[in-house]
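2 protein chains.
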Amino acid sequence: MISDSQRKHILHRFRLKVTSARLFVLDILIRSDVALSHNDILSQARDPQLDKVTLYRTLDAFVKSGLAHKVATEDRNWLYALHHNDQKESFEDDHAHFVCDECERIYCVPVVPAGKLQISNSDQSFTVRSHEYRLHGTCPQCQ
Amino acid sequence: MISDSQRKHILHRFRLKVTSARLFVLDILIRSDVALSHNDILSQARDPQLDKVTLYRTLDAFVKSGLAHKVATEDRNWLYALHHNDQKESFEDDHAHFVCDECERIYCVPVVPAGKLQISNSDQSFTVRSHEYRLHGTCPQCQ
DNA sequence: ACATACTTGCAACTTTGTTGCATTAATACT
DNA sequence: AGTATTAATGCAACAAAGTTGCAAGTATGT
Numbered sequence: 013m014i015s016d017s018q019r020k021h022i023l024h025r026f027r028l029k030v031t032s033a034r035l036f037v038l039d040i041l042i043r044s045d046v047a048l049s050h051n052d053i054l055s056q057a058r059d060p061q062l063d064k065v066t067l068y069r070t071l072d073a074f075v076k077s078g079l080a081h082k083v084a085t086e087d088r089n090w091l092y093a094l095h096h097n098d099q100k101e102s103f104e105d106d107h108a109h110f111v112c113d114e115c116e117r118i119y120c121v122p123v124v125p126a127g128k129l130q131i132s133n134s135d136q137s138f139t140v141r142s143h144e145y146r147l148h149g150t151c152p153q154c155q
Numbered sequence: 013m014i015s016d017s018q019r020k021h022i023l024h025r026f027r028l029k030v031t032s033a034r035l036f037v038l039d040i041l042i043r044s045d046v047a048l049s050h051n052d053i054l055s056q057a058r059d060p061q062l063d064k065v066t067l068y069r070t071l072d073a074f075v076k077s078g079l080a081h082k083v084a085t086e087d088r089n090w091l092y093a094l095h096h097n098d099q100k101e102s103f104e105d106d107h108a109h110f111v112c113d114e115c116e117r118i119y120c121v122p123v124v125p126a127g128k129l130q131i132s133n134s135d136q137s138f139t140v141r142s143h144e145y146r147l148h149g150t151c152p153q154c155q
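These protein sequence lines are chains A and B, in that order. The numbering of the first sequence is the numbering used here, which starts it at 13 and goes up by one. The numbering of the second sequence is the numbering used here, which starts it at 13 and goes up by one.
See the structure below:
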């Protein structure tokens, strides 16, 4: 369990003002080992009542600041997850997304920098059934 | 330019009834070397006036039949493209998606079956800036 | 403690996609 | 070719998801 002051420290590091909404969302993301949707998070917040707009803006702020990143799922949702190495300030850390075909959870799995894939959840075993390699860059027409 | 009867033949092969909407959409997809969104296609159809619902259903039919496949983009859209090898009946043919950071076009680039990536647009040069490897399968919790 | 600038919560709105249904069109069969 | 059957189409109404503007509230540096 991560402490309140630890979470405040994280928000400070990413130059985000400390508010209860942000502490709450950060806590949920820290405790989750899978990427979560806006809706996943909202439904965990019935009790402390989190406004949907505030959550949209909180998640945006997390992504813009580099604290979190978002993944587009095949069913056109956005899932949010913290970077593993929270030293990193940008989206470009080296990880792949593993989608479980059963439960549809999305895990961020580390890959070795060279680009050679390695799923290193130690004792855990992921069975890879198919893959999609998405490349970003500049196409011939824009060179 | 692909003939009318060639397109009819393709629709037949995928057990789709031949209608003017489907011939029209198929023609657009054949002529495009990039994946197109619902909106891209709709805006090309001002003249012959294609209904938005018909287009949604046409694209669904193309995907279900195996004629086309869809890609979820980072901005939560779906883009549609035909399979390269139209002999293939399933989504699982071996290609990766290349996203141009300038024009945001999405190209389907062939990869060698082994999984080793190869961009083979012969003379054309793609500059790869970042990548995302998305894996599908079964996670530890669902084994 | 105060001023300032940012965040929040609400309501209204826009955008995107879906459903139901009556009409029209495509295919198989005689 | 004509007809029956089944599927596709187009419209309108609806539903879901996300955005904007704004007034009120809150965090932070001085």
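Backbone N, C-alpha and C define an ideal beta-carbon position, used for all residues, glycine too.
*In the DSSP assignment, what residue or residues form a beta bridge with A/L48?*
As a working note, residue 48 of chain A is residue 36 in the first sequence. According to the DSSP secondary-structure assignment, A/L48 is paired through a beta bridge with A/Y92.
*asked:* In whole angstroms, give me the CA-to-CA distance for A/S17 and B/S49.
replied: In the first sequence, the residue the question calls residue 17 of chain A occupies position 5. In the second sequence, the residue the question calls residue 49 of chain B occupies position 37. Each residue's alpha carbon lies about 45 Å from the other.
*Could you name the residues of chain A that B/A84 contacts, counting a contact when the two beta carbons are closer than 8 Å?*
Position 72 of the second sequence holds residue 84 of chain B. Neighbours of B/A84 on chain A, chain order: A84, T85, E86, D87 and R88.
*Candidates B/F26, B/S44, B/L35 and B/R19: closest to B/L91 by CA position*: The count along the second sequence starts at 1 and reaches residue 91 of chain B at position 79. For B/L91, the nearest C-alpha among the options comes from B/S44.
*How about B/F74 and B/A57: are their beta carbons less than 8 Å apart?*
Within the second sequence, numbered from 1, the residue matching residue 74 of chain B stands at position 62. Within the second sequence, numbered from 1, the residue matching residue 57 of chain B stands at position 45. No, these two residues do not count as a Cβ contact at 8 Å.
_Please identify the residue among B/R25, B/L41 and B/R27 whose C-alpha is closest to the C-alpha of B/L67._
As a working mapping, residue 67 of chain B is identified with position 55 in the second sequence. Ranked by how close their Cα comes to the Cα of B/L67, the residues B/R25, B/L41 and B/R27 have B/L41 in first place.
*Work out the CA separation of A/S77 and A/D87 for me, nearest whole Å.*
As a position in the first sequence, residue 87 of chain A is number 75, starting the count at 1. As a position in the first sequence, residue 77 of chain A is number 65, starting the count at 1. Approximately 26 Å between the Cα atoms of the pair.
*asked:* Can you find the residues in the same chain that come closer than 7 Å, C-beta to C-beta, to A/S134, ignoring five residues on each side of it along the sequence?
replied: Residue numbering aside, residue 134 of chain A sits at position 122 when the first sequence is read from its first letter. Note that A/S134 has pLDDT 43, beneath the 50 cutoff, so the model's placement of it is unreliable and the number below is only indicative. Nothing listed; no residue qualifies.
*Given a cut-off of 8 Å, decide if B/A93 and B/A159 are closer than it, judged by their beta-carbon atoms.*
Because chain B here runs from 13 to 155, residue 159 of chain B falls outside it and cannot be looked at.
*At which residues does the alpha helix (DSSP H) containing B/K29 begin and terminate?*
Along the second sequence, one-based indexing puts residue 29 of chain B at 17. B/K29 -> no alpha helix (DSSP H), and no H or E assigned at all.
*Using three-state DSSP, classify A/A73 as helix, strand or coil.*
Taking the first residue of the first sequence as 1, we reach residue 73 of chain A at position 61. DSSP, reduced to helix, strand and coil, places A/A73 within a helical segment of the structure shown.
_Environment of A/K29 [buried if 16+ CB atoms lie within 10 Å]_ = Stepping through the first sequence from its first residue, residue 29 of chain A is reached at position 17. It is exposed - the Cβ of A/K29 has fewer than 16 other Cβ atoms within 10 Å.
_By alpha-carbon positions, which one of A/A80, A/N89 and A/Y119 ends up nearest to A/R25?_
For the purposes of this step, residue 25 of chain A is taken as the residue at position 13 of the first sequence. Of the candidates A/A80, A/N89 and A/Y119, the residue whose Cα lies closest to the Cα of A/R25 is A/A80.
*Which same chain residues, not among the five before or five after B/K82, have their C-beta less than 6 Å away from its C-beta?*
Numbered from 1 along the second sequence, position 70 holds the residue referred to as residue 82 of chain B. Only V75, W90 and Y92 meet the Cβ criterion.
_C-alpha gap between B/L54 and A/N51, whole angstroms_ = Mapped onto the second sequence, residue 54 of chain B falls at position 42. Mapped onto the first sequence, residue 51 of chain A falls at position 39. One alpha carbon belongs to B/L54, the other to A/N51, and they sit about 30 Å apart.
*Spatial neighbours of B/A33 within its chain, please: CB distance less than 7 Å, with the 5 preceding and 5 following residues excluded, ordered by chain position.*
Along the second sequence, one-based indexing puts residue 33 of chain B at 21. Take B/A33, set aside five residues on each side of it, and the residues of its chain with a beta-carbon closer than 7 Å to its own are L62, T66 and T70, in chain order.
_B/I22, buried or exposed, once every other Cβ within 10 Å from all chains shown has been counted against 16_ = Within the second sequence, residue 22 of chain B is the residue found at index 10, counting from 1. With a 10 Å radius around the Cβ and a threshold of 16 neighbouring Cβ atoms, B/I22 comes out buried.
*What does DSSP give as the partner residues of B/K82 in its beta bridges?*
The residue given as residue 82 of chain B occupies position 70 in the second sequence. Paired residue(s): B/Y92.
*B/Q56 - containing alpha helix (DSSP H), residue span*: Taking the second sequence and counting its residues from 1, one reaches residue 56 of chain B at position 44. Where B/Q56 is concerned, there is no enclosing alpha helix (DSSP H), because DSSP gives it neither an H nor an E.
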